[in-house]
Amino acid sequence: MILNLQHKYKYKMKVLKFGGTSVGSIANMKMVKDIIADNEKKIVVLSAMSGTTNALVEISNFIKNDHIENANQNIEALHHKYVAVINDLLDDEALRQDVEIYVDSVFSFLKICASENHSQLLYNKIVAQGELLSTYIFTVYLNQEGLNAILLPALDFMRIDKTNDPDDFYIKQNLQRIIKEASPSNIYITQGFICLDAYGNIANLQRGGSDYTATIVGAAVNAEEVEIWTDIDGMHNNDPRFVENTHAISNLSFDEAAELAYFGAKILHPQTVMPAREANIPVRLKNTMDPASYGTLISIDFKGEGIKAIAAKDNITAIKIKSARMLLAHGFLKKVFEIFEKYETSIDMITTSEVAVSLTIDDDKNLVSILEELEKFSTVEVDKQQSIICLVGHLVVRHHETHRLFKVLQDISVRMISYGGSNNNISLLVNTNDKITALKCLNHYIFDGVTA
Ligand code: ADP
Ligand code: ASP
Ligand code: MG
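In this text, residue positions in the sequence shown follow the working numbering: the first is 188, and each later residue adds one.
Spelled out as structure tokens, the structure:
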């Protein structure tokens with residue numbers, strides 16, 4: 188009964204996000220057009236064309252390092268690329284001219300940026316141009332193809348607060364108002380990644396953030412589903428960049444997907460699952476180049492048991508804190524945690540022994556100050572360049588096949604193991620140099636010859 192009522196109040200709307208590769212070529216843009224050209228009402232979130240954000244980051248770095256000539260050369264090269272795209276994509280003369288004017292204005296703006304002093308705000312302004320370009324060009328292309336697509340500027344409704352979390356209330360109020368005021372359409376297009384900060388300056392949701400935009404938008408309009416369209420057929424059981432013969436997983440729970448995203452599965456920005464989980468909106472991962480394949484459905488349901496997938500997160504720092512006394516005294520852990528709390532540094536893994544505690548952090552911005560404080564009452568060892576390998580599934584800890592993972596210990600030196608913290612996750616800490624071997628070994632011991 189309650190479920191039915193919830194369903195009744197959901198907008199009949201989907202949110203579809205297309206990543207860099209999906210809008211990265213004329214051929215792929217045409218495929219995206221075919222995917223969205225049905226009669227369902229939808230908000231389409233677009234990334235920048237693949238390669239553009241990296242190119243913009245490089246331009247920003249040139250400006251930062253005072254290599255203005257290089258920055259200007261790269262701005263020109265990128266401009267030529269866009270001129271070629273619009274020439275190939277748009278055969279309607281009037282529409283092409285309109286887009287040319289817009290594209291020229293973006294590149295003139297970038298030239299102005301190249302003459303300014305570098306700052307975080309300048310970087311934010313520069314990297315925002317990729318999504319502004321892709322959405323403008325793609326909306327006009329859809330119009331040329333006879334589709335009534337309307338561009339809703341993300342900066343009119345996407346905002347983060349002082350702690351860099353999405354300002355849900357503001358986003359919901361503004362997005363719903365903007366949709367109400369816009370001309371009726373089945374296709375609203377908006378930019379992924381970019382937003383305003385709490386002070387009204389241009390900001391972003393960090394690299395890969397368009398996925399996060401999609402679920403934030405999905406929650407704001409109470410969408411019936413969020414679809415993340417990318418260049419692979421769903422969440423694979425291991426990182427396909429490093430391991431051969433991985434396969435897509437058909438179903439994941441919100442918790443499982445959140446762990447995989449947080450621990451490095453690049454297909455999803457680390458925060459993507461949170462807004463969807465809170466609003467109970469299913470998220471489907473789909474392949475733009477193969478729309479018929481099932482993909483991965485992320486929902487509240489748990490399906491299957493045992494280890495389903497493995498992901499790895501780099502740039503981890505391990506800190507071993509030995510008590511100055513022989514044993515970990517009462518209150519020792521409290522003192523340790525208070526220091527990390529003071530420097531707003533979150534801890535990912537933790538293990539203890541009688542005399543020491545080992546933990547990991549991924550944000551080492553305040554490491555020096557943290558170490559100074561820890562050394563007042565303990566001996567500290569730091570290992571950088573570590574990777575967390577995370578094994579995720581339903582009831583993994585209890586599953587009868589889970590013991591296979593320990594065979595990896597005969598091939599790789601494992602620095603820490605976190606087992607039993609939750610029923611759905613086991614984490615290993617290895618030296619980053621051993622990561623790929625560890626991923627391959629785990630794949631062999633856990634998945635080879637085992638049907639998923
Ligand atoms: P997009 O530009 O569409 O956002 P991304 O490059 O950010 O695409 O994410 C898709 C890529 O993520 C895949 O091409 C794949 O190489 C990589 N990837 C890493 N881990 C996984 C995984 N477990 N499952 C699927 N893809 C993964
Ligand atoms: N264009 C941004 C990036 O490359 C955001 C995204 O693609 O999700 O990081
Ligand atoms: Mg991505």
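Ideal Cβ positions, reconstructed from N, Cα and C, are used throughout, including at glycine. Nothing here was measured: the structure is a model prediction, and the numbers come from that model.
Ignore the nearest five residues each way along the sequence and tell me which others in residue i's own chain have a CB closer than 6 angstroms to its CB.
i, result
"THR239", "GLY317"
"ALA182", "No answer is possible for residue 182: the residues shown for the chain start at 188 and end at 639."
"SER341", "Checking the displayed sequence, the identity of residue 341 turns out to be Ala instead of Ser. Closer than 6 angstroms at Cβ, skipping near neighbours: THR377, GLN378 and ILE381."
"SER486", "PRO469"
"HIS456", "GLY395, GLY396, ASP398 and TYR399"
"ILE506", "LEU546 and VAL569"
"THR538", "SER545 and MET603"
"ALA543", "LYS507 and LYS509"
"ASN215", "SER209"
Comparing C-alpha positions only, which one of the options sits nearest to residue i?
i, options, result
"LYS228", "SER533, GLY405 and ALA315", "GLY405"
"GLY559", "VAL579, LYS268, PHE527 and ASP550", "Note that residue 559 is Glu in the sequence shown here, rather than Gly. If we check each option's Cα against that of GLU559, PHE527 comes out closest."
"ASP418", "SER480, TYR449 and ASP253", "SER480"
"ALA498", "GLU525, GLY451, MET461 and ARG471", "GLY451"
"ASN474", "ALA463, ILE415, VAL460 and VAL523", "ILE415"
"ILE604", "GLN573, ILE288, MET216 and GLU263", "GLN573"
"VAL408", "ASN252, ALA516, MET200 and ASP621", "MET200"
"PHE296", "VAL314, ALA281, ARG283 and LEU282", "VAL314"
"LYS571", "LEU472, GLN363, ILE599 and THR504", "THR504"
"VAL584", "GLY493, GLU525 and SER600", "GLY493"
"ILE389", "VAL413, ASP343, LYS563 and LEU626", "ASP343"
"PHE564", "LEU554, ASP550, ALA511 and LEU520", "ALA511"
"ARG346", "SER372, ALA385, PHE524 and GLN331", "ALA385"
"ASP352", "ILE222, LEU554 and ILE403", "ILE403"
"ALA336", "MET422, LYS594, ASN226 and GLU443", "ASN226"
"GLU588", "GLY607, LEU629, ILE633 and PHE519", "ILE633"
"ASN311", "CYS628, ASN241 and TYR269", "ASN241"
"PHE593", "MET476, HIS267, SER533 and HIS631", "HIS631"
"GLY607", "LEU582, GLN284, ASN620 and LEU629", "LEU582"
"ASP253", "MET218, MET216, GLY211 and ASN304", "ASN304"
"VAL272", "ILE222, GLN307, SER306 and LYS217", "LYS217"
"LYS552", "LYS529, LYS522 and GLU332", "LYS529"
"LEU308", "GLU332, GLY387 and ASN361", "GLY387"
"ASN502", "LEU362, ASN620 and ILE213", "ASN620"
"PHE524", "HIS517, ALA516 and ILE534", "ILE534"
"LYS640", "ARG428, ALA369, ASP291 and ASP285", "Nothing about residue 640 can be reported from this structure: the residues present for the chain run from 188 to 639 only."
"GLY211", "MET476, PHE519 and GLU280", "MET476"
"ARG591", "LEU554, ASN438, ASP635 and SER556", "ASP635"
Can residue i and residue j be called in contact, C-beta distance under 7 angstroms?
i, j, result
"ASP348", "ASP354", "yes"
"VAL231", "LEU203", "yes"
"THR208", "SER237", "yes"
"SER614", "MET536", "yes"
"SER321", "ALA448", "no"
"LYS500", "ILE623", "no"
"LEU339", "ILE365", "yes"
"VAL579", "ILE599", "no"
"VAL430", "LEU596", "no"
"TYR289", "TYR323", "yes"
"ASP420", "ASN611", "no"
"ASP275", "ILE358", "no"
"ASP550", "THR532", "yes"
"GLN331", "ASP279", "yes"
Give every residue of the same chain whose Cβ lies closer than 8 angstroms to the Cβ of residue i, excluding the five residues on either side of it in the sequence, and list them in chain order.
i, result
"ALA639", "For ALA639, the pLDDT reaches just 39, beneath the cut-off of 50, and the residue's location in the model is therefore unreliable, leaving the point undetermined."
"VAL567", "ILE506, LYS507, ILE508, LYS509, LEU558 and LEU561"
"ASP426", "THR433, GLY451, ALA452, LYS453, ILE497, ALA498, ALA499 and LEU626"
"LEU383", "LEU342, MET345, ARG346, ILE347, ILE389 and ALA390"
"MET461", "THR402 and ALA445"
Only counting the same chain, and skipping five residues up and downstream in sequence, which positions put a Cβ closer than 7 angstroms to that of residue i?
i, result
"LEU192", "Below a pLDDT of 50, predicted positions are generally treated as unreliable, and LEU192, at 45, falls in that range; the measurement from the model is reported next regardless. Within the same chain, LEU192 has no close Cβ partners at all."
"ILE262", "ILE246, PHE294, LEU297, LYS298 and ALA301"
"ALA224", "LEU334"
"GLU412", "LYS201, ILE468, PRO469 and ARG471"
"PHE325", "VAL210, MET216, LEU233 and ILE376"
Please look up how many angstroms separate the CB atoms of residue i and residue j, rounded, as I've assumed it's under 8 angstroms.
i, j, result
"PHE205", "LEU233", "6 angstroms"
"VAL327", "LEU282", "5 angstroms"
"LYS220", "LEU319", "Incorrect: roughly 20 angstroms between the Cβ atoms, too far for contact."
So with Cβ pairs under 7 angstroms, would you call residue i a contact of chain C?
i, result
"ARG585", "Among the chains in the structure shown there is no chain C, since it carries only a single protein chain."
Quick check for students: name the residue ranges of the beta strand (DSSP E) that lie wholly in the stretch 403-477, counting only runs of 3 or more.
412-417, 438-440 and 470-474
Which whole runs of the alpha helix (DSSP H) in the stretch 493-544 are 4 residues long or more, in chain order?
519-529
3 or more residues per run - each beta strand (DSSP E) lying fully within the stretch 193-272:
201-205 and 229-233
Report the start-end ranges of each alpha helix (DSSP H) in the stretch 270-335 that is 4 residues or longer and not cut off at the edges.
280-301, 307-314 and 316-331
Uninterrupted alpha helix (DSSP H) stretches inside the stretch 549-592 (no shorter than 4 residues)
554-561
Which ranges would you report for the alpha helix (DSSP H) in the stretch 364-403 if only whole runs of at least 4 residues count?
Counting whole runs of 4 or more residues, the stretch 364-403 contains no alpha helix (DSSP H) stretch at all.
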